[in-house]
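Residue numbers (this note's numbering), protein chains in the order written: chain A, 1 to 686; chain B, 687 to 1372.
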């Protein structure tokens, strides 16, 4: 329950404020004063009368009514102070810096619960405990440094971890990235990353609010909330970049040892980010690079022009863009010749456009103008311009600045001479720009941005799935465990997932008639015994009536056999389809090619149920083995639409059958007559 | 022909030196003066009598004898000046800064050739033209900035591109990386990257010389020289990191537009770097990070301890290390409990070791000591320590400094608070340390280092290859083109590459006897007609004598058939083996699994012929599909040793048959009885 008093308080009390700026309480007061906080500022300190020039009250009982309290006193003393403030001083917002709560001990967890109770009863908001605080355009309520610059169009940054937040800000500062707000949510007792995003979405003002969000998440407690509000913000024109730490097994172990976070399964995170349209990052450097990209004009396509005065970085950047599936289209013909004629001899215009080391600011302007107005095949420009230290670059960077303002196409500045042209780079950044000092880091981050899909529809595709029937089947099941083959068949049928035909009989002629109808070759299996294969109860690749009769007669003589079952023997590409119920996330659906693709290469895509068609196609097409589905080297591919149909319908089925904890269809065979599930296993928990 | 006069000249003349430090000639003189060059320094400038306090001669004719000339005058004037200096002034080393030579025009190429002739006749050395110069511990002979710090244990850096060299130095400076020498070789008219490496190898002094080499290469002109001397240096204890720009098609196009470089095929580069043991990098950031890693103590294994006071970065680092196939072993048991007892409550020791935000310098020392002396399973430590800005970190960084000196295991410092703890980080770096400000960038770079194999043996494995027979076969061939099946068979036989057996006859009984001997099923093919399949001249999967006789009789009745050929029908995993002759590099050998692995997934390893066994195993084991070769999920694998034998012998064959321009064996089938080439194509050029 984030409120106005938390975001823009008219009065603040620092409980535990002191004169020692090397302690949190002292630094907090210092930061508020340095940040020129405009409201009333009070301090509570039992031993002092004056704290950094402010009157200090000796007890929370003595202070006037206040909107926001920032608490920095020992943990055990917090609940009482909070209670007084909430009940007697009408405090409507709390930031509890103090640690020693649920993250450390059971006793701490009880104290934390007490505080929350007082706060909730007063209808107040709570950030923390165990956090560094909150800073925004209105006040700097943190006990730490650095304090970045705040601007309305800066980044809104929310972090599960205070220390990590600081290091991310350090990385942002080197790029010139500015902030609009920084939230350290600590133990997230009342307000976690999800709630901040929810608040930003519900109160989004397209004119006043920043459109750039940056998240560092250690645990996703409420995936649905994050998904809903992150997608919603992105649909409103925002961009979100996020790190979810703990993506490998070791990472997970590390996450468990920090702030009591228990890492979610990474595939669920992968699936959630895809669905929401969140750009996933894996390092501080990458996160702040992606956020810097978001500060520039909207990128409309994947065709990049590289404008440079030095060949090497342009080549490395072109390599990185190509690896990231972006394009550096060749520029030639009369237009390229015209551009070349305006540059010094030795310049190259084929893209990269190399205006060479002696190229002038005017040459840079000309190259940019050509890319902006003349070359239609260009969506964005990357300008690499450093200095060998002979002349100052103010003129050049002024040209770059102006063009970045004027041009409709985004321009990415790569200014590598951060030492030699340090003052010029600083002056450029001071105009509100970011700087990408390493071109390959930029290229890789931009690929990540442009390869992240838009938020997916969260509509459930009901067509083809008989939901009441699904529920009837599930409800009728006696208990937990693996479903038997017949139960599996009825359940898949309810979602119109085609199964290989089969026919069971004790009548030879009926079986032969069935085999003729489905066409040879067929498979015959005994019905009755459990270990069919071991006893010779399975015959593959039966190609003729005579052969089938021979097998039928042989099988009927085997012990315990009550009948023979015949299936057509399917030939075609094997596909895989699976799902796993992940606590809090719901079902993660896995799709891919079967056999070695799933077993050896782990070439699988993840999606969160329920799936839309767009999402499903995005999953299928991000498989490394996709060329095989599409059809390659004269080989017929797989009916992609039918595969998508099946995946979507399965995801709908799962949405209404949360009792299914694990299932797979393996293989799903793509024959010439369509896709058929040959084998499926489903495990439920009731 | 690098000589002492180039490296450590007793006297230098700057031809074209001036008073304008915003022009190359002026800046050159300034840099030499600022760098406190200790020898005699002369200037030639037709218009000045005094240049920056030095006497200026009006003509090269007027100067005394000099050892090194740095030339910065217009290109067309260079050859004459060089000729006078070489012939009359006994100049033994030249650095030609000037541009406008072969990189621009045909006339320029002629001028360049004239200069080289004079220089070679005088037995002198030449760096450039079209370069920024050379700087080392003795003098700063460049016209650019920045000038890094020089130390004997710094990095030796050689670059094809001057501008790129500067930007790489900018990136190095932010990490505290120091240099021993910086070579910009420009057009490499006499001395290229390869020649510098050759010189460093031939003159290597294990006590005085730096062991760290960093290369930026746009074109590998002499792969053999690079391979030989780079491997040799690495065997002598050096480490080499290199960027070869132009690794994708677009990158290649860009490279062609710069310094006239024509990119080599990237697979050949990949193969050469693997053979040499060079760590390949793809960005400036990565190159300088890898070089920074080289400055630390030798890493002896892949087990990393992460020591931190903030959980988040440790989690992200653990993720990155795990992705890079390094280990973050779990620490537990009594030893871990003992460590935990020495830290604050809330600390975690499972690895990452989190001494928490309030952890003291003593805690850091304790954690490091445990990893150094007690935990045997640890090969290296990574210490993450930043600042929330409350107290200064001098004490902490002093502990880190001392431990880095004392400990045998390498310690990687990750100091993220480059702004808030800026002065402390600077003071730490001033003690001769590097700083990795982003932990994930470090983790990724370290993986790259530890996953690069040692230099491979360059011995040729002759065993099993009948070289005289190979030469006889090749020499007997009438001309260029594809070899016919019989020629292919004899050639492969000479290298003992097993071929599927085959038997051709017009005699039914002989064919049946052969089929019985090799065992059914077999394949029968007509001999005579070209388009066998189209006419029904191929029969697969013949399972019985009767079936074979039936096919034989049918086939012998087909038109133009002169005989029938029978092969056993092989079953097993299909492998791929290929080779391509790459100009200057020799044969690049490709290996992998067959079918979709080579066609769709492009899962192929590259090696440079001739191959050693180590190299071949390293190729096989770096395949994504390697688990299939090894055997997976109860499935029998491939006889890896026999596959290696075949690859090694093929590479030896190729080494003696450079006429082979392209060849593949596809498939090579791994049966239960061994590997057999089923189909092979070889193209030669004579």
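Think of the CB as a built atom: it goes at the ideal place given N, C-alpha and C, for glycine as much as any other residue. Remember, it's a predicted structure, so these values are computed and weren't measured experimentally.
Chain-order list of residues whose beta-carbon lies under 6 Å from that of residue i (same chain, five-residue window excluded)
{"i": "residue 785/B", "result": "816"}
{"i": "residue 1304/B", "result": "1139"}
{"i": "residue 264/A", "result": "Confidence at residue 264/A is low in this model, with a pLDDT of 39, below 50, so its placement is unreliable and no value can be given for it."}
{"i": "residue 692/B", "result": "779 and 811"}
Beta carbon of residue i nearer than 9 Å to that of residue j
{"i": "residue 310/A", "j": "residue 850/B", "result": "yes"}
{"i": "residue 687/A", "j": "residue 821/B", "result": "There is no way to answer for residue 687/A, as the model of chain A reaches only from 1 to 686."}
{"i": "residue 277/A", "j": "residue 455/A", "result": "yes"}
{"i": "residue 694/A", "j": "residue 675/A", "result": "For chain A, the structure presents residues 1 to 686; residue 694/A sits outside this window and is missing."}
{"i": "residue 812/B", "j": "residue 818/B", "result": "no"}
{"i": "residue 983/B", "j": "residue 1094/B", "result": "yes"}
{"i": "residue 974/B", "j": "residue 900/B", "result": "yes"}
{"i": "residue 178/A", "j": "residue 154/A", "result": "yes"}
{"i": "residue 1263/B", "j": "residue 1276/B", "result": "yes"}
{"i": "residue 985/B", "j": "residue 1066/B", "result": "yes"}
Nearest residue (CA-CA) to residue i, options the options
{"i": "residue 1353/B", "options": "1087/B, 1306/B, 1196/B and 1284/B", "result": "1284/B"}
{"i": "residue 47/A", "options": "41/A, 40/A, 39/A and 57/A", "result": "57/A"}
{"i": "residue 395/A", "options": "166/A, 371/A and 421/A", "result": "421/A"}
{"i": "residue 77/A", "options": "514/A, 110/A and 8/A", "result": "110/A"}
{"i": "residue 281/A", "options": "497/A, 272/A and 244/A", "result": "244/A"}
{"i": "residue 351/A", "options": "89/A, 357/A, 340/A and 345/A", "result": "340/A"}
{"i": "residue 1301/B", "options": "1169/B, 1244/B and 961/B", "result": "961/B"}
{"i": "residue 1168/B", "options": "755/B, 860/B, 1227/B and 1349/B", "result": "1349/B"}
{"i": "residue 306/A", "options": "273/A, 346/A, 355/A and 344/A", "result": "355/A"}
{"i": "residue 629/A", "options": "665/A, 671/A and 373/A", "result": "671/A"}
{"i": "residue 416/A", "options": "406/A, 410/A, 382/A and 399/A", "result": "382/A"}
{"i": "residue 428/A", "options": "438/A, 439/A and 414/A", "result": "414/A"}
{"i": "residue 1158/B", "options": "1173/B, 777/B and 895/B", "result": "1173/B"}
Length of the line joining the Cα atoms of residue i and residue j
{"i": "residue 1207/B", "j": "residue 1218/B", "result": "20 Å"}
{"i": "residue 514/A", "j": "residue 503/A", "result": "7 Å"}
{"i": "residue 1072/B", "j": "residue 697/B", "result": "48 Å"}
{"i": "residue 1134/B", "j": "residue 1010/B", "result": "7 Å"}
{"i": "residue 457/A", "j": "residue 159/A", "result": "27 Å"}
{"i": "residue 774/B", "j": "residue 753/B", "result": "12 Å"}
{"i": "residue 434/A", "j": "residue 1064/B", "result": "40 Å"}
{"i": "residue 600/A", "j": "residue 1312/B", "result": "9 Å"}
{"i": "residue 594/A", "j": "residue 958/B", "result": "36 Å"}
{"i": "residue 1231/B", "j": "residue 1205/B", "result": "10 Å"}
Own chain, CB closer than 8 Å to residue i, minus 5 neighbours either side, in chain order
{"i": "residue 661/A", "result": "580, 581, 683, 684 and 685"}
{"i": "residue 587/A", "result": "579, 580, 581, 608, 609, 651, 654, 655, 658 and 660"}
{"i": "residue 146/A", "result": "166, 169, 170 and 173"}
{"i": "residue 679/A", "result": "665, 666 and 667"}
{"i": "residue 1045/B", "result": "995, 1029, 1030 and 1033"}
Beta-carbon contacts of residue i that lie in its chain and below 7 Å, excluding the five residues immediately before and after
{"i": "residue 1241/B", "result": "1210, 1212, 1223, 1247 and 1250"}
- With 9 Å as the limit, tell me which residues of the region 439-464 of chain A have their beta carbon closer than that to any beta carbon of chain B; keep them in chain order. Cβ proximity to chain B below 9 Å picks out 439, 440, 441, 443 and 444 from the region 439-464 of chain A.
- For the region 990-1002 of chain B, enumerate the residues whose C-beta is nearer than 8 Å to any C-beta of chain A, in chain order. Taking 8 Å as the Cβ-Cβ cut-off against chain A, the residues of the region 990-1002 of chain B that qualify are 992, 995, 996, 997, 998, 999, 1000, 1001 and 1002.
- Proximal residues, the region 1297-1326 of chain B versus chain A, C-beta separation under 7 Å: Within the region 1297-1326 of chain B, 1310, 1311, 1313, 1314, 1318 and 1319 place their CB atoms closer than 7 Å to a CB of chain A, listed in sequence order.
- Item | chain B contacts made by the region 156-188 of chain A, where a contact means CB separation under 9 Å | Residues passing the 9 Å Cβ filter: 159, 160, 161, 162, 163, 164, 165, 166, 167, 168, 169, 170, 171, 173 and 174.
- Give the residues from the region 712-729 of chain B that approach chain A closer than 8 Å (Cβ to any Cβ), ordered along the chain. Residues passing the 8 Å Cβ filter: 713.
- Task: Can you give me, in chain order, the residues of the region 367-392 of chain A that have a beta carbon less than 7 Å from any beta carbon in chain B?
- Result: Result list: 386, 388, 389, 390 and 391.
- Task: May I ask you to list, following chain order, the residues of the region 409-420 of chain A that have a beta carbon less than 8 Å from some beta carbon of chain B?
- Result: Of all residues in the region 409-420 of chain A, only 416, 417, 418, 419 and 420 come within less than 8 Å of chain B when Cβ atoms are compared, listed by chain position.
- Query: Just by C-beta distance, which residues in the region 278-305 of chain A are closer than 9 Å to chain B?
  - Reply: Those would be 282, 283, 284, 285 and 286, in chain order.
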